[in-house]
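Numbering (the numbering used here), first residue to last: 10 to 197.
C-beta: ideal position from N, C-alpha, C; glycine also.
None of these values were measured; they are calculated from a predicted model.
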Amino acid sequence: PAKARATARARLELAPLVAEFRHTKAKRERVDFGDQMASAALLAESVAEVARGERERFATVLLDEYQDTSMAQQRLLVALFGAGHPVMAVGDPFQSIYGWRGASVRNILTFDRDFGDPGPAPIFALGQNNRSGGVILSAANTIAEPLRYSSTVTDVAIGAAIRRRRLAARMQLDKLADKAGVNLKVMS
10 PAKARATARA RLELAPLVAE FRHTKAKRER VDFGDQMASA ALLAESVAEV ARGERERFAT
70 VLLDEYQDTS MAQQRLLVAL FGAGHPVMAV GDPFQSIYGW RGASVRNILT FDRDFGDPGP
130 APIFALGQNN RSGGVILSAA NTIAEPLRYS STVTDVAIGA AIRRRRLAAR MQLDKLADKA
190 GVNLKVMS
């Protein structure tokens with residue numbers, strides 16, 4: 010609770026700066042990527058023909074790296090392709106790394122509700138990775154194991170858990186690499 014209050018206070022302190030930034034952009038007739046996404050989402054949500062046209066254009070949709078989408082992108086995609094359109098998302102909530110630019114791991118965690126119709130969409134775990142060797146996969150799975158079965162996973166919880174485990178993960182990876190005879194400094 011204390012940390013949440015401190016975060017809320019910090020955000021309130023930034024509110025005038027955000028308002029000034031928005032005012033300056035409007036005065037200079039500028040938009041940024043976030044503005045574009047928010048505008049596109051609003052258009053798709055309010056004009057049915059937009060979604061209908063995109064659904065006709067794309068019979069099936071694949072959303073890759075879905076854990077790195079923002080809330081505006083999620084709103085846009087749900088407005089365009091939610092409610093029964095064939096959509097598949099690929100992503101890993103434990104690899105969400107773009108929170109600093111507005112991405113929310115919540116999007117992949119709620120994909121089944123956002124795109125399932127009439128009930129939740131099925132979830133399939135991909136158990137094979139052909140890009141990383143066994144040492145890296147073993148270390149990654151060891152680190153992620155406690156997080157995988159949490160029913161209360163949130164952006165904050167994942168971030169905090171990852172930060173707490175960063176040093177332990179590096180130590181575990183070093184041990185596994187030593188055991189396998191791999192020099193991680195060469196791989197870095």
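Classify residue i as helix, strand or coil using the three-state DSSP reduction.
| i | result |
| --- | --- |
| Ser48 | helix |
| Ala112 | strand |
| Ala98 | strand |
| Asp41 | coil |
| Asp77 | helix |
| Ser105 | coil |
| Ser141 | coil |
| Ala153 | helix |
Under 7 Å Cβ to Cβ from residue i, same chain only, skipping five residues before and after it: list those, please.
| i | result |
| --- | --- |
| Leu86 | Leu72 |
| Ile132 | Asp121 |
What does the alpha-carbon distance come out to for the pair residue i and residue j?
| i | j | result |
| --- | --- | --- |
| Pro155 | Thr33 | 45 Å |
| Ala53 | Lys184 | 51 Å |
| Ser79 | Lys188 | 40 Å |
| Asp77 | Gly108 | 8 Å |
| Arg20 | Arg84 | 23 Å |
| Arg14 | Glu22 | 12 Å |
| Pro10 | Ser147 | 35 Å |
How far does the beta strand (DSSP E) with residue i in it extend, from its first residue to its last?
| i | result |
| --- | --- |
| Ala68 | From DSSP, Ala68 is part of no beta strand (DSSP E); its letter is neither H nor E. |
| Val56 | Counting along the chain, Val56 falls outside any beta strand (DSSP E), and DSSP gives it neither H nor E. |
Excluding the 5 residues preceding and the 5 following residue i in the sequence, name in chain order all residues of the same chain whose CB lies nearer than 8 Å to its CB.
| i | result |
| --- | --- |
| Gly91 | Asp123, Phe124, Asp126 |
| Pro129 | Asp121, Arg122 |
| Phe30 | none |
| Asp44 | Lys34 |
| Tyr75 | Ala98, Val99, Gly100, Asn116, Ile117, Phe120 |
Assuming residue i is part of the alpha helix (DSSP H), what are its boundary residues?
| i | result |
| --- | --- |
| Arg84 | 80-90 |
| Thr33 | 11-36 |
| Asp121 | 120-124 |
Next item on the list: Assess, as a yes-or-no matter, whether the stretch 57-69 is touched by the stretch 101-118 under the definition of 3 or more beta carbon pairs within less than 8 Å.
Entry: no
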